[in-house]
Amino acid sequence: MTSTIEPAEPAEPIEPLSVEQLSETTLLRFATAGSVDDGKSTLVGRLLHDSKSVLTDQLEAVAHASRNRGQDTPDLALLTDGLRAEREQGITIDVAYRYFATAKRRFILADTPGHVQYTRNMVTGASTAELTVVLVDARNGVVEQTRRHAAIAALLRVPHVVLAVNKMDLVDYREPVFAAIAEEFTAYASELGVPEITAIPISALAGDNVVDPSANMDWYGGPTFLEHLETLPVSHDLTTCHARLPVQYVIRPQTAEHPDYRGYAGQIAAGAFRVGEQVTVLPSGRTSRIAEIDLLGESVGLAWTTQSVTVLLEDDIDVSRGDLIVPTQDAPATTQDLEATVCHVADAPLTIGHRVLLKHGTRTVKAVVKDIPSRLTLDDLSLHPHPGHLVANDIGRVKIRTAEPLPVDSYADSRRTGSFILIDPADGTTLTAGMVGESFASPEPVKAEADDDGWDF
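And the structure:
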């Protein structure tokens, strides 16, 4: 699909945001999804261009690549479709990440593929997103892949979903077309448990309602796509969640200046920590109090989510990489038995009895797949009981036994400390992405079977 932007008139240069301005803006992570040829990459390209987030040399490179393909005008989709195979086929294969900013907000955008065989890429892109944009071709309406992406957004508990009804110019900008699609999608996504859905009619090719309001849809009184992105309340503030600090590194300088310094460094995954607070180190269960918090070379009394800190404890206890520091009054349970919803991302199947490595936070332990109670059929959200294995892009429920106890939260409570990945111990390949606890894909209770004495742990 080609755009209507003339290469001879590149975007006007704007004054770049200062470091101070960037620090004052909030960050929104969002992902795009939709069926093949619904216009995801064109929408992203239009958004970057019309918000003046494209450098002149980037636009010239796109114009040159478009001319080589025999197109008279630049194809804005090429701003995100960077792989040679993507440009040759005119589709998105890999997840394309883009970083840009406006005066109101900073953005990390993940443009994900629409093909069924690349569903796992959508899981990757949306796993850390606060908002997912699901595109629908106004001519085709809600299709199977639209439902699949809505289901994944619900499984990943993405708090906000935007339904972008694209190509409105090809249906003469008719309001009834938009209204029917919005009603159908909203009913489906609400049934899955998506908490907030916003529908916006757009034309990525013509620029209608992407950055600027459309003169062709005066019946629509809502925000433009960019306006919604800029004004959406940011819901990733985890300072009020269960406080969690995965230990990444133990710092012991053992120098003349710091002979007894022993700090535990890591990025706070959720919540906030204060000097003087009583904490517990898991899985050992040892307790102490926070004596000091070092942040960027300075001592602070309080630190919160996403800050990378070094915590010093009052007592000299055994703490190492992979441990989890938590408030004593809000400690998660430790367990060796996990039940989770997973998306299998590897080409080789995941089977019962599969021996894997499980990475949770900064801790990696040996584990074995004890059971696969069900596989989710995304076409109609039905459950296929006891499939025996999961293949690439399958979503299902698994039961896992770990060699060591793990302190885990439910994914419903914390997307960061309630998630994990399974790794092939032979070559380090990522096999599966998992979400601990219940989800809408939970199967009917399965009768517990007798433990197999053949397991090593």
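The sequence shown begins at 2 in this note's numbering and counts up one residue at a time.
For every residue, glycine included, the Cβ atom is placed at its ideal position computed from N, Cα and C.
For Ile353, same chain residues with a beta-carbon under 8 angstroms away, outside a window of 5 residues either side, are Val370, Lys371, Asp372, Ile373, Gly389 and His390 in chain order. The DSSP-derived three-state label of Gln255 is coil. In the three-state DSSP reduction, Tyr189 falls in the helix class (H, G or I).
With a threshold of 16 other beta carbon atoms within 10 Å, Pro386 falls short and is exposed. With respect to the C-alpha of Pro177, the residue from Arg99, Val159, Arg376 and Trp220 having the closest C-alpha is Trp220. Just measuring C-alpha positions, the residue of Ala244, Ser375 and Pro284 sitting nearest Ala271 is Ala244.
For the alpha helix (DSSP H) assignment, the uninterrupted runs of no fewer than 4 residues enclosed by the region 100 to 176 are, from N- to C-terminal side, 120 to 127 and 145 to 156.
Following the DSSP letters along the chain, one finds Asp51 inside the alpha helix (DSSP H) bounded by residues Lys41 to Asp51. Counted as a single uninterrupted DSSP element, the beta strand (DSSP E) harbouring Leu303 occupies residues Leu303 to Trp305. Between the C-alpha atoms of Glu315 and Ala111 there is a straight-line separation of about 43 angstroms. As DSSP reads the structure, Glu231 sits in no beta bridge. Judged by beta-carbon spacing, Pro426 lies within the 8 angstroms limit of Leu358, meaning their Cβ atoms are closer than that value.
Straight across, the Cα-Cα distance linking Arg364 with Ala347 is about 21 angstroms. Under the DSSP assignment, Thr199 falls in the beta strand (DSSP E) whose first and last residues are Ile198 to Pro202. The Cβ atoms of Arg140 and Tyr250 do not sit closer than 8 angstroms to each other. If you draw a straight line from the Cα of Arg376 to the Cα of Asp410, it is about 23 angstroms long. Here Lys400 really is in contact with Glu340; their C-beta atoms are around 5 angstroms apart, less than 8 angstroms. Bridge pairing for Asp295: Ser300 and Thr311 [DSSP]. Within the same chain, and ignoring the five residues on either side of Thr288 in sequence, the residues whose Cβ sits closer than 6 angstroms to its Cβ are Thr281 and Thr329. By the Cβ-count criterion, Arg290 is exposed, with fewer than 16 other Cβ atoms from all chains shown falling within 10 Å of its own Cβ. In this model, Leu164 and Val124 are separated by some 18 angstroms (Cα to Cα).
Contact holds between the region 29 to 38 and the region 130 to 140, because three or more Cβ pairs, one in each stretch, are under 8 angstroms apart. Approximately 5 angstroms separates the beta-carbon atoms of Lys360 and Ile422; this is inside 8 angstroms, confirming the contact. Short of 7 angstroms from the beta carbon of Cys242, and not among the five residues preceding or following it, lie these beta carbons of its own chain, in chain order: Ala271, Gly272 and Ser415. The criterion of a C-beta distance shorter than 8 angstroms is satisfied by Lys105 and Glu231. By the Cβ neighbour-count rule, Ile252 is exposed, with fewer than 16 other Cβ atoms within 10 Å of its own. CA-CA distance, Gly264 to Leu407, rounds to 22 angstroms. Taking Glu405 as the centre and dropping the five residues before and after it, the same chain places the C-beta of Val366 closer than 6 angstroms to its C-beta, in chain order.
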